[in-house]
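Going from the sequence shown to the numbering used here is simple: count from 1 and add 694. The structure under discussion appears below in the form of structure tokens.
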Amino acid sequence: MWRQAGKFEGRSAVSTWLLALRGSRPLSALRRRKDAELDDEAANAIEDTSDDPEVAGAEKDTSEALRKC
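Structure representation (structure tokens):
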């Protein structure tokens, strides 16, 4: 913020200007970041933690039984 203080032109409130400076830094970092490609080996190493159909059905049955109670 202090390095940019000389660029403040007074066209807005100081707080607005500071918020704009603060918000632009993460956006700039996202723009600079390159998307890394995921090779097949790395993709296959990612664990699928989602429920299988049997578990999902059991949870649904339990949920319905609890609602009836």
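Just so you know, even glycine gets a beta-carbon here, dropped at the ideal spot from N, CA and C.
Kindly list the residues whose CB is nearer than 7 Å to the CB of residue i, restricted to its own chain and excluding five residues on each side of it in sequence; keep chain order.
{"i": "Pro-747", "result": "none"}
{"i": "Glu-741", "result": "none"}
Are the C-beta of residue i and some C-beta of chain D separated by less than 9 Å?
{"i": "Thr-756", "result": "In the structure shown, chain D does not exist; there is a single protein chain."}
Would residue i pass as a contact of residue j if the rule is Cβ separation under 9 Å?
{"i": "Asp-745", "j": "Glu-735", "result": "no"}
{"i": "Leu-713", "j": "Gln-698", "result": "no"}
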